[in-house]
Structures are given as structure tokens and as C-alpha cells.
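Undergrad: Handing you this structure, nothing more for now.
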Amino acid sequence: MHGLFRWSSKWWPGVVPLVVLWAIAAWTSTSPLESDLAARSAAALKDTVLDKSRIEVAGRDVTFAADAFSEDGRRSAVASVEAVPGVRLVNDETRLVPEAKPYVWSAERDVVRVTLGGNAPLPASKGRLLEAARAGLGGVEVVDQMNLSRGAPPRFDNAALLLLDQIGKLKDGKVTITDNKVSLSGMARDLGGREGIAAALKNLPEGFSVAANEIKAPPYIFQAYKDPVAVTLTLTGYVPDNNVHAALAAAAARKFFNEKVVDNLKASVGAPSGFASAVVPALGALSRLSTGTLVVSDREVKLSGDAFFDVAAAQIRAGLGKDFPQGWQVKDDISVKPAAAPVDATVCQQLFSDLLGKGRIRFESGRATIDPDSAGLLDRLIETALRCPTANIEIAGHTDADGEDAFNQTLSEKRAQAVTDYLVRAGLPANRFTAMGYGSTQPVATNDTDEGKAQNRRIDFVVR
9 MHGLFRWSSK WWPGVVPLVV LWAIAAWTST SPLESDLAAR SAAALKDTVL DKSRIEVAGR
69 DVTFAADAFS EDGRRSAVAS VEAVPGVRLV NDETRLVPEA KPYVWSAERD VVRVTLGGNA
129 PLPASKGRLL EAARAGLGGV EVVDQMNLSR GAPPRFDNAA LLLLDQIGKL KDGKVTITDN
189 KVSLSGMARD LGGREGIAAA LKNLPEGFSV AANEIKAPPY IFQAYKDPVA VTLTLTGYVP
249 DNNVHAALAA AAARKFFNEK VVDNLKASVG APSGFASAVV PALGALSRLS TGTLVVSDRE
309 VKLSGDAFFD VAAAQIRAGL GKDFPQGWQV KDDISVKPAA APVDATVCQQ LFSDLLGKGR
369 IRFESGRATI DPDSAGLLDR LIETALRCPT ANIEIAGHTD ADGEDAFNQT LSEKRAQAVT
429 DYLVRAGLPA NRFTAMGYGS TQPVATNDTD EGKAQNRRID FVVR
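For the sequence shown, the numbering used here begins at 9 and goes up steadily by one.
Pasting the structure below:
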């Protein structure tokens, strides 16, 4: 027995290298086999729609894990791996993607980003939505918070893509699909955006309907700025259509006798009811300011600036909004410009002549009623009269040669008196003014043309 032990102690050290060589041979032959089975298993799944796929191979046994989007798809995927030549056993760790009830998807926009949330039915659907959002939003950051879930209604992709197009029309807001119901909220980016979204929703895929559309239009803004330095009236913002545009431009030309009208208005839908009926008299109030700003925002009118004298400021405040349609609101911030330095009679006359050379006091046809469009010019004339407080002024009325001489004489006298009364109501002493009518006896142009007749129908201020 002692000899046996002595003999074994001589051969067993030689076994160790053999074991090592066997292990190396087994490893070098198994590793390529496992890699090959993994590659062929993955290739077998290339046309299968799965998420989070994982394949591990131990020898010829395959552990296959994945999220499938249907039971048939899951079974088909497992069968494809089982059919790979060389696979002995498939350890099935596949599962179905969770089903969402209700099925909700959303796109939300804030100032700097769009966030896609909720559920998407397939990886390809998720990719299409992300691509569409990035392509259609002009560089806006797109954040993906979508989960893959089963249970999407038919034609989900088409509905979601249509709603993504509407996100581009929002300044901020959210669109949501809940099963087959669509909800929208937020503020449209541009005027007309709300109407554009409503029109697009008529093209939702079959089976989808709008549960709520709470998209608000941005304020409908019209602005006018009177600049005494540049001698301009600048119009910006929106008007409902070309007809209203033309009417407002014509009103501005009549009321602002001295200013160049810079017209930057654009036509757009969304104007509040009674828009033109409020803007025209508001422009008349602005024309009576030395410098001022008119802002019309939806149904609110804001007028700010400096009147030429105290009584004018009070008149403007009292009259602003009286002719507005029902439901319109008025805010004013009207002060009085500092009084200009006094001037002598000669300068006073030159100032009157300059003003009446740029505009004329208008009356209703054949009557002595002063046209409201002349209010801005009259306030400038009153300011000038205040600068020469000791001068006596003749208010001279003239007509063209049409009609009977007696009628023209009477009409010229009444119009001169109407202007005198206007000045007195503004706070000027009545004893400084004399109303005189000259009929058609002192023309300054020919009465053979309409333009000449218009020049002859006038009121002159003559410093005596």
C-alpha cells in the first residue's frame, strides 16, 4: 500500500496540464459558437417589431428578453429564435408592452420648448412624431417624454401628426389625444391662428373628434402714434379687411392735416365687433393732441399724450368713448403741453397763415356746422391765439361762386360766427374776435374748377 501512494505521487502532477489544456480547448471552441448563435438569433428578429431586445447565449442555450407589442408578435419572435439552427433551448423572458387605458398622448409648448408626452404605440411611431416635431418647429427644442404602450386607437399616428402641425401655430399651449378625443388649449401665435387651427381640426382622421378647443386669439392690436418732431402719424397693427383699411386711412388723412401718414397696417381676421366705429372717433381724439399714442387692444381703447391747452384736454376726456359701440372700454392719460412763448402780432399772423395753408376748417355741405374732422386744426389755431393774448383777430368767412350771392353771403357770415363761438367755448375772450362774412367776393383761386372752388371755401384768421 505504501508503494501505491508512492507511485501515485509521481503521476498526478501530470494531470493538471491536461485539465488546463482541456478547459482552454473547451473555451476557445464554445465562445465562437455562442457569438455565432447570438448573431444568427438577432438576424432572425430583424423584421420583428420589439423594444428592449436582449439575447444572451450560454453554450447552445439562448436567453431571449424583449418587450413585444402584441401576443402574436411575442410568440412569433420566440419561435424565430427557437428556429435558429444550433439553438438547443430558448429561455423565454419576453413580455408584452404595458397597455394604457385610457390611451393618452400630448404635445405641450412653452416659450422655449415643445414636450411630447404620454404614449406612442410603436418605436416607429415615436420616431415619426419626434422627426415631425423637430422639422416643423424651426429649431425649437423638442423634449421626448413618450412611453411605448399598447392600446392606441386606429389611425393614431395620423391624428397626432395633424395636431403637431397645430403646435407650430401656438405661442404656448397643449394638444392632447385621449383615446379618440382631441383637446386643445393655449394662445395662438398670430392673429388668424385660432381660425387656422379650427379649420385643420375638420381634417381629423375618421373616428376622432374634438372634445374641447380652448385656443385663444392674441389681442387684436391697432396703434397710431403722432410724432410732432417727425410730423408723422404712424399706423401699425391690424385691420379686418381692405375696405376698413381704406376707410381708416382716409379718416386719418382728413383729421391729421399736417402729418404725413405712415401706413403699416395689415389685414387680419379676429377684429372685435364695431372695430371701425371705435377707431375712427379715437383717431379724431388723437388728432387733437400735440403728441400722443392710441392703442386699441380688442375692445379697449387707450389714449395718452399732451393736449394743446386745458379746455381741450377736458373736452377730449369727456368726449372719448361717447360714440363707441356698446361694450368698448376707454382709458386715457391726457396731460397738457407746456404753454409756448408769447409772440407779437406779426408772428401770430404768420402762424395762422401757415396752419390754414396746410389745412382748412371744414363744414357740412351748405351749412355752418363745423365738421368734427377739423378739431385738430382748430385746437392748433386756438393755441396760436393764446400766444398773442393782446391781438384782435377777425374771423373771415368765404365761399365759392356757386349759388346765389345772398345765400353765399349769409353762409359765410354764419360759418365765421360758428368758428368764433368755438374759440370762445375754448376759453378765449369774445371781445378779441370779430366774425365777418365776405361771400364769394374775395376768391383766391379760379371758380372754374373743383380744386379752385375748394380753395375759395375757407376761413381766414386776420390779425388786426
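All residues carry an ideal CB built from backbone N, CA and C; glycine is no exception.
Using only CA atoms, which one of VAL105, LEU145 and GLY146 lies nearest to ASN127?
TA: Counted from its first residue, the sequence shown places residue 127 at position 119. Of the listed residues, the one whose Cα sits closest to ASN127 is VAL105.
Undergrad: Tell me, to the nearest whole angstrom, how far the beta carbon of GLY445 is from that of ALA424; I am working on the premise that it is less than 8 Å.
TA: Taking the sequence shown and counting its residues from 1, one reaches residue 445 at position 437. Taking the sequence shown and counting its residues from 1, one reaches residue 424 at position 416. The pair is a contact, with the Cβ atoms about 5 Å apart (cut-off 8 Å).
Undergrad: Leaving aside the five residues before and after ARG158 along the sequence, list all residues of the same chain whose C-beta is less than 8 Å from its C-beta, in chain order.
TA: For the purposes of this step, residue 158 is taken as the residue at position 150 of the sequence shown. Closer than 8 Å at the Cβ level, and outside the excluded window around ARG158, lie PHE77, SER78, LEU104, VAL105, PRO106, GLU107, ALA108 and PRO129.
Undergrad: Below 9 Å between beta carbons: does that hold for ALA284 and ALA255?
TA: Looking up residue 284 in the sequence shown gives position 276. Looking up residue 255 in the sequence shown gives position 247. Their beta carbons are under 9 Å apart, which means ALA284 touches ALA255 by this criterion.
Undergrad: Closer than 7 Å by C-beta to ALA259: which residues in its own chain qualify, once you throw out the five before and the five after it? Chain order, please.
TA: Taking the sequence shown and counting its residues from 1, one reaches residue 259 at position 251. Correct list, in chain order: VAL288 and LEU291.
Undergrad: Let me know if SER382 comes out buried or exposed under the rule of 16 or more other beta-carbons within 10 Å of its beta-carbon.
TA: Your numbering for residue 382 matches position 374 in the sequence shown. Buried.
Undergrad: Identify every residue that forms a DSSP beta bridge with LEU97.
TA: Indexing the sequence shown from 1 puts residue 97 at position 89. Assignment of beta-bridge partners to LEU97 by DSSP yields ASP69.
Undergrad: Alpha carbon to alpha carbon, what distance is there between LYS134 and VAL150?
TA: If you number the sequence shown from 1, residue 150 lands on position 142. If you number the sequence shown from 1, residue 134 lands on position 126. When rounded, the distance between both Cα atoms is 13 Å.
Undergrad: For a quick check, are the C-beta atoms of THR398 and ALA353 less than 9 Å apart?
TA: For the purposes of this step, residue 398 is taken as the residue at position 390 of the sequence shown. For the purposes of this step, residue 353 is taken as the residue at position 345 of the sequence shown. In this structure, ALA353 lies closer than 9 Å to THR398 by Cβ.
Undergrad: Which residues does DSSP list as the beta-bridge partners of ASP59?
TA: Your numbering for residue 59 matches position 51 in the sequence shown. Per DSSP, ASP75.
Undergrad: PHE415 by DSSP, collapsed to three states: which one?
TA: Along the sequence shown, read from residue 1 onward, the residue named residue 415 stands at position 407. In this structure, PHE415 counts as helix in the three-state DSSP scheme.
Undergrad: Can you say whether THR377 is buried or exposed, counting buried as having 16 or more other CB atoms within 10 angstroms of its CB?
TA: To locate residue 377, count along the sequence shown from 1; it is residue 369. THR377 should be labelled exposed.
Undergrad: Among ASP340, ASP379, LEU363 and ASP387, which one has its Cα closest to the Cα of ALA320?
TA: As a working mapping, residue 320 is identified with position 312 in the sequence shown. For ALA320, the nearest C-alpha among the options comes from ASP387.
Undergrad: Please name the residue, chosen from ASP100, ARG96 and THR428, that lies closest to ASN439 on a Cα-to-Cα basis.
TA: Along the sequence shown, one-based indexing puts residue 439 at 431. If we check each option's Cα against that of ASN439, THR428 comes out closest.
Undergrad: Give me whichever residues DSSP pairs with ARG121 in a beta bridge.
TA: Within the sequence shown, the letter at position 113 stands for residue 121. Note: ARG121 sits in a beta bridge opposite GLU149.
Undergrad: Between the segment 82-95 and the segment 42-58, are three or more C-beta pairs nearer than 8 Å?
TA: yes
Undergrad: Cα separation between THR449 and PRO350?
TA: As a first step, residue 449 must be located in the sequence shown, where it is residue number 441. As a first step, residue 350 must be located in the sequence shown, where it is residue number 342. Our two residues, THR449 and PRO350, have alpha carbons roughly 34 Å apart in a direct line.
Undergrad: On the DSSP bridge assignment, give the partners of PHE231 in chain order.
TA: Sequence index remark: in the sequence shown, residue 231 carries index 223 (1-based). Correcting the residue type first, residue 231 is Gln in the shown sequence and not Phe. THR244 and VAL303, per the DSSP bridge assignment.
Undergrad: Taking Cβ positions, are GLN231 and LEU243 nearer each other than 9 Å?
TA: Translated into positions along the sequence shown, residue 231 becomes position 223. Translated into positions along the sequence shown, residue 243 becomes position 235. In this structure, LEU243 lies closer than 9 Å to GLN231 by Cβ.
Undergrad: Taking the CB atoms as reference points, tell me whether SER281 and GLY335 lie closer together than 9 Å.
TA: The residue labelled residue 281 in the question sits at position 273 within the sequence shown. The residue labelled residue 335 in the question sits at position 327 within the sequence shown. Yes. Within cutoff.
Undergrad: Considering only the beta carbon of each residue, do ALA206 and ALA168 sit closer than 9 Å?
TA: Stepping through the sequence shown from its first residue, residue 206 is reached at position 198. Stepping through the sequence shown from its first residue, residue 168 is reached at position 160. No, these two residues do not count as a Cβ contact at 9 Å.
Undergrad: Take every Cβ of the segment 353-365, pair it with every Cβ of the segment 246-255, and state whether three or more of those distances are shorter than 8 Å.
TA: no
Undergrad: As a quick exercise: from ALA414, GLY300 and ARG466, pick the residue whose alpha carbon is nearest that of ILE403.
TA: Your numbering for residue 403 matches position 395 in the sequence shown. Measuring from the Cα of ILE403, the nearest candidate turns out to be ARG466.
Undergrad: Please identify the residue among GLY374, LEU436 and ILE390 whose C-alpha is closest to the C-alpha of ASN416.
TA: The sequence position of residue 416 within the sequence shown is 408, counting from 1. Comparing Cα-Cα distances from ASN416 to each of GLY374, LEU436 and ILE390, the minimum goes to GLY374.
Undergrad: Specify, as a first and last residue, the run of the beta strand (DSSP E) that LYS179 falls within.
TA: Residue 179 sits at position 171 when you count from the first residue of the sequence shown. Its beta strand (DSSP E) spans residues 178-186.
Undergrad: Could you check whether ASP318 and GLY300 sit closer than 9 Å to each other, using their CB atoms as the reference points?
TA: On the sequence shown, residue 300 is found 292 positions in, with the first residue counted as 1. On the sequence shown, residue 318 is found 310 positions in, with the first residue counted as 1. Contact: no.
Undergrad: Apart from the five residues just before and just after PRO161, which ones in its own chain have a Cβ nearer than 7 Å to its Cβ?
TA: The residue given as residue 161 occupies position 153 in the sequence shown. These residues qualify, in order along the chain: TYR111, ASP187, ASN188 and GLY215.
Undergrad: Would DSSP call ALA46 helix, strand or coil?
TA: In the sequence shown, residue 46 corresponds to position 38, counting from 1. Of the three classes helix, strand and coil, the one that applies to ALA46 here is helix, per DSSP.
Undergrad: Which whole-angstrom value describes the C-beta separation of ARG197 and LYS224, a residue pair presumed to lie in contact below a C-beta threshold of 8 Å?
TA: As a first step, residue 197 must be located in the sequence shown, where it is residue number 189. As a first step, residue 224 must be located in the sequence shown, where it is residue number 216. At roughly 11 Å, the Cβ-Cβ gap does not stay under 8 Å, so ARG197 and LYS224 are not in contact.
Undergrad: Tell me the rounded alpha-carbon separation between ALA238 and ALA279.
TA: Counting from one through the sequence shown, the residue named residue 238 turns up at place 230. Counting from one through the sequence shown, the residue named residue 279 turns up at place 271. ALA238 and ALA279 have their C-alpha atoms roughly 30 Å apart.
Undergrad: Identify every residue that forms a DSSP beta bridge with ILE175.
TA: For the purposes of this step, residue 175 is identified with residue 167 of the sequence shown, where counting begins at 1. DSSP, once it has assigned bridges, lists no residue as partnering ILE175.
Undergrad: Using three-state DSSP, classify GLY158 as helix, strand or coil.
TA: By one-based count along the sequence shown, residue 158 stands at place 150. In the sequence as presented, Gly is not what sits at residue 158; that position holds Arg. Strand, per DSSP.
Undergrad: Does any residue of chain B bring its CB to less than 9 Å from the CB of GLY200?
TA: Among the chains in the structure shown there is no chain B, since it carries only a single protein chain.
Undergrad: Candidates VAL338, LYS210, ASP468 and ASN464: which alpha carbon is nearest ASP362's?
TA: Locating residue 362 in the sequence shown gives position 354, counting from the first residue. Nearest C-alpha to ASP362: ASP468.
Undergrad: On the DSSP letters alone, give me the boundaries of the beta strand (DSSP E) that SER133 sits inside.
TA: Here the question's residue 133 lines up with position 125 in the sequence shown. Where SER133 is concerned, there is no enclosing beta strand (DSSP E), although the alpha helix (DSSP H) it sits in stretches over 131-144.
Undergrad: How many angstroms separate the CA atom of TRP30 from the CA atom of SER61?
TA: For the purposes of this step, residue 30 is taken as the residue at position 22 of the sequence shown. For the purposes of this step, residue 61 is taken as the residue at position 53 of the sequence shown. Low local confidence applies: a pLDDT of 40 at TRP30 is under 50, so the model's placement there is unreliable, and no value is given.
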